[in-house]
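Residue numbers (the working numbering), protein chains in the order written: chain A, 41 to 186; chain B, 41 to 186.
All C-beta atoms, glycine included, are put in the ideal place defined by N, C-alpha and C.
Please read the structure below before turning to the comments.
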DNA sequence: TTATAAAAGGACATTGATGTCCTTTTATAA
DNA sequence: TTATAAAAGGACATCAATGTCCTTTTATAA
Ligand code: FES
Ligand code: FES
């Protein structure tokens, strides 16, 4: 399971993408409200994302968050990697110090399949691909009452 | 990913099963050492397990932990349920308040497959099935140097 | 019957994830 | 040029998971 911070990060990035498509650059307050996260905490997460160049930002009047052309097609994996690290893709499901094909724990064969399946998802899906589903009305960004 | 407590619990139960097959009832110290967990913390987890009747114990000289006949074929799911709850089998992978087939988040279709796959594993595998693999030498319980 | 060994249980400590608040920096509008 | 609005950043607060310590209860061996 992803950490709360990572979930916030992904939803924030998707919202920024959607807004960017409308030629807008949302700010912390607007983003926090949309993703239903505390504003100050959201600010920290956005800071991490921009510091790691997953997204860009502008200070001052009319500022906000946005993607530049280098940052299109950001995979979920890259976000996870930056926000919580990628331990979950290597970890032994049974709790051994390292997962090891040649000296497996009794869950290894089955666990590896789900773990690798999740890895495949986050390497394939991008902020853009998720945003497109939402734009097309095939999925939702939040459960806020209209 | 399972919590550390759950991992300790599962490995502890497997060790108890293996020892029971040798007509022995291990104590906290022996269990903690085998699963490479702090002794006092292990004691707490074992307490939770016995309080919830996943395992039995005897106090006093010659005491220790063991399974009785009602407790054979304990699924990993039951252990997870008792130790950390089963939120991870229901949670939305994108962080929405609830996962909902009819109003899906943009990760829903793919995530559900992985989540349900893991659920299937923990509903199928039991403390006994894992222990058997170890007994047969097909898998290991720890990475302790011999 | 008593000493001992073991689990049970209560209280507290540490740590990392999450969350808050306030100050500093910077870009823009007036 | 100055006031303002916005992100960046530092310091601190809270909470749950993890971990520790000590006392109480209980079963058994001597
Ligand atoms: S060794 Fe446990 S999952 Fe690979
Ligand atoms: S709604 Fe997100 S996983 Fe089902």
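Contact with chain A by residue i, beta-carbon distance below 7 angstroms
{"i": "residue 36/B", "result": "Here chain B covers residues 41 to 186 and nothing more, so residue 36/B does not appear."}
{"i": "residue 122/B", "result": "no"}
{"i": "residue 157/B", "result": "yes"}
{"i": "residue 47/B", "result": "yes"}
{"i": "residue 73/B", "result": "no"}
{"i": "residue 183/B", "result": "yes"}
{"i": "residue 162/B", "result": "no"}
{"i": "residue 63/B", "result": "no"}
C-beta contact flag for residue i and residue j at 7 angstroms
{"i": "residue 152/A", "j": "residue 183/B", "result": "no"}
{"i": "residue 54/A", "j": "residue 105/A", "result": "no"}
{"i": "residue 96/B", "j": "residue 108/B", "result": "yes"}
{"i": "residue 176/A", "j": "residue 161/B", "result": "no"}
{"i": "residue 43/B", "j": "residue 85/B", "result": "no"}
{"i": "residue 158/A", "j": "residue 154/B", "result": "yes"}
{"i": "residue 143/A", "j": "residue 68/B", "result": "no"}
{"i": "residue 92/B", "j": "residue 122/B", "result": "yes"}
{"i": "residue 70/A", "j": "residue 135/B", "result": "no"}
{"i": "residue 146/B", "j": "residue 94/A", "result": "no"}
Beta-bridge partners of residue i, as assigned by DSSP
{"i": "residue 105/B", "result": "97/B"}
{"i": "residue 166/B", "result": "115/B"}
Closer than 6 angstroms: residue i CB and nearest ligand 4 heavy atom
{"i": "residue 174/A", "result": "Ligand 4 is absent from the structure shown, which contains only ligand 1 and ligand 2."}
Chain B contact for residue i (CB, 7 angstroms cutoff)
{"i": "residue 176/A", "result": "no"}
{"i": "residue 167/A", "result": "no"}
{"i": "residue 66/A", "result": "no"}
{"i": "residue 52/A", "result": "no"}
{"i": "residue 173/A", "result": "yes"}
{"i": "residue 98/A", "result": "no"}
Exposure of residue i, with buried meaning 16 or more beta-carbon neighbours within 10 Å
{"i": "residue 66/B", "result": "buried"}
{"i": "residue 59/A", "result": "buried"}
{"i": "residue 81/A", "result": "exposed"}
{"i": "residue 127/A", "result": "exposed"}
{"i": "residue 74/B", "result": "buried"}
{"i": "residue 164/A", "result": "exposed"}
{"i": "residue 78/A", "result": "exposed"}
{"i": "residue 2/A", "result": "Residue 2/A lies beyond the residue range present for chain A, which begins at 41 and ends at 186; the question has no answer from this structure."}
{"i": "residue 101/B", "result": "exposed"}
{"i": "residue 64/A", "result": "exposed"}
{"i": "residue 62/A", "result": "exposed"}
{"i": "residue 173/B", "result": "buried"}
{"i": "residue 178/B", "result": "exposed"}
{"i": "residue 166/A", "result": "buried"}
| field | Chain-ordered residues of the segment 110 to 142 of chain B with a beta carbon less than 9 angstroms from chain A | value | 116, 127, 128, 131, 132, 133, 134, 135, 136, 137, 138, 140
| request: Anything in the segment 77 to 96 of chain A with a Cβ closer than 8 angstroms to a Cβ of chain B? List those residues in chain order, please. | output: none
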